[in-house]
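Engineer: I'd like to ask you about the structure that follows.
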Amino acid sequence: MGNIVIFTDDPGWHGKQLRLAFAGQGYHSHTVSLTECQFRIGCEQQPLLIPGFADALPDAAFVRGVPGGSLEEVVLYLDILHALKIMGIPVYNDGHAVERSVDKGMTSFLLHNAGLPTPLTWVLRDRDEALRIAGQELAAGHLLISKPLFGSQGEGIRRIEKTTDLFWLTSSRGVYYLQRFVTCAGDGFSDYRVFVINGRAVAAMRRRGKSWLNNVARGARCECVDLTAGLADLAINATAALAMDYAGVDIIQDRAGRYIIIEVNSIPAWKGLESVCDVNIAQLLAEDLINRRINRQ
Ligand SMILES: Nc1ncnc2c1ncn2[C@@H]1O[C@H](COP(=O)(O)OP(=O)(O)O)[C@@H](O)[C@H]1O
Ligand SMILES: [Mg+2]
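Here the sequence shown stands for residues 1 to 297, where the numbers follow my numbering.
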């Protein structure tokens, strides 16, 4: 029987779904926090110590969470993912994919570089320049969003609506990430979350926010939507641009009807999605990892 490590600090519902799905495919899985792993380079044993895998490394690693921390701590966690991959162990999504998507600036750059629609975005250090850009955007009649470079679940995202809002314009640890606000089509506030696995869009939902922040963690309501070809293609291309095995892609439809990619998540949750879609995401992920990454190495 094979063994899979699920990296997470909060096994919860998703961890349980994954463990069940892996068991259904004949694999044992253990949840481990990346904070508990270590390098022991030059010792007699393998150079990577993962609790529960002291004798033999796992057949694959599923990354369900990378904890925050100091730059050194986060680099160590990513190094563990990189090292596993270098040692030939499939890492799903791998450390580079996680790095690219956790960094909202790099995500925006890669989407744009691949010719995909994403909002106008500025990422910079200089406060005066950030204020100048924000002032210029407001004067031109646009609203702006300010985001922490490494945020998730809507944390720390602010909307700049008027010049007095510029007083509290704060950087995220010295870096400003400013993005033009996209007013969504239809009534109220909504965006789409499309789940892509191995180049296939497997499910989609509309998230209706209580305000312009449409994260499920912020109380957005989930609604089932049909996966149109336009939405599916965009999500698939975004996932490919960030070279991910699977992703949760956030897409807004603007007032002119255009789909615009906001974010590509390399560690997306799927509890909200499954509450409105008849799909077993954990099973699809487990099958993809085992069939495509373990069995065909
Ligand atoms: N440029 C934007 N225009 C309009 N709404 C946005 C924009 N950027 C983010 N949002 C809203 O904020 C939510 C969270 O932003 P996102 O970039 O996905 O960060 P997070 O990682 O916190 O989910 C989006 O789902 C969307 O509802
Ligand atoms: Mg998001």
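Glycine included, every Cβ here is placed at the ideal spot set by N, Cα and C. Bear in mind the structure is a predicted one, so any value in this text is a computation, not a measurement.
#1: Considering only C-alpha positions, which residue in the set 150, 97, 210 is nearest to residue 241?
#2: How many Å lie between residue 83 and residue 142 at the Cα?
#3: Just to confirm, are residue 50 and residue 5 a CB contact at a threshold of 8 Å?
#4: In this structure, what does DSSP give as the bridge partners for residue 122?
#5: Residue 262 bridges to which residues according to DSSP?
#6: Regarding residue 263 and ligand 2, is the C-beta to nearest heavy atom distance less than 7 Å?
#7: Helix, strand or coil for residue 46, going by three-state DSSP, please let me know.
#8: Can you give me the start and stop residues for the beta strand (DSSP E) that residue 196 sits inside?
#9: Pull up the CB-CB distance for residue 75 and residue 267, whole angstroms please, since I reckon it's below 8 Å.
#10: Does the beta-carbon distance from residue 235 to residue 251 come in below 8 Å?
#11: Quick one: give me the first and last residue of the beta strand (DSSP E) that residue 160 is part of.
#12: Any heavy atom of ligand 2 closer than 7 Å to the CB of residue 3?
#13: Looking only at its own chain, which residues have a Cβ that is under 7 Å from the Cβ of residue 229, when we skip the five neighbours before and after it?
Structural biologist: If we stick to the structure as given:
#1: Here residue 241 refers to the residue found at position 241 of the sequence shown. For residue 241, the closest C-alpha among the options 150, 97, 210 is that of 97.
#2: Translated into the one-based positions of the sequence shown, residue 83 becomes position 83. Translated into the one-based positions of the sequence shown, residue 142 becomes position 142. Approximately 44 Å, taken between the alpha carbons.
#3: Counting from one through the sequence shown, the residue named residue 50 turns up at place 50. Counting from one through the sequence shown, the residue named residue 5 turns up at place 5. Yes, they are a contact pair.
#4: Taking the sequence shown and counting its residues from 1, one reaches residue 122 at position 122. Paired residues: 178.
#5: Counting from 1 along the sequence shown, the entry for residue 262 is found at position 262. DSSP lists no partner for residue 262.
#6: Here the question's residue 263 lines up with position 263 in the sequence shown. For residue 263, the shortest separation between its Cβ and any heavy atom of ligand 2 lies below 7 Å.
#7: Position 46 of the sequence shown, counted from the start, is the residue given in the question as residue 46. Secondary structure of residue 46 (DSSP, three-state): coil.
#8: If you number the sequence shown from 1, residue 196 lands on position 196. Boundaries of the beta strand (DSSP E) harbouring residue 196: 190–197, taken from the DSSP string.
#9: The residue given as residue 75 occupies position 75 in the sequence shown. The residue given as residue 267 occupies position 267 in the sequence shown. With 8 Å as the limit, residue 75 and residue 267 do not qualify as a contact, their Cβ atoms being about 17 Å apart.
#10: Reading the sequence shown from its first residue, position 235 is the one you call residue 235. Reading the sequence shown from its first residue, position 251 is the one you call residue 251. A distance below 8 Å separates the beta carbons of residue 235 and residue 251.
#11: Position 160 of the sequence shown, counted from the start, is the residue given in the question as residue 160. Going by DSSP, residue 160 is part of the beta strand (DSSP E) stretching over 158–160.
#12: As a working mapping, residue 3 is identified with position 3 in the sequence shown. Incorrect: residue 3 has no Cβ contact closer than 7 Å to ligand 2.
#13: By 1-based counting over the sequence shown, the position of residue 229 is 229. Excluding positions up to five away in sequence, the list is empty.
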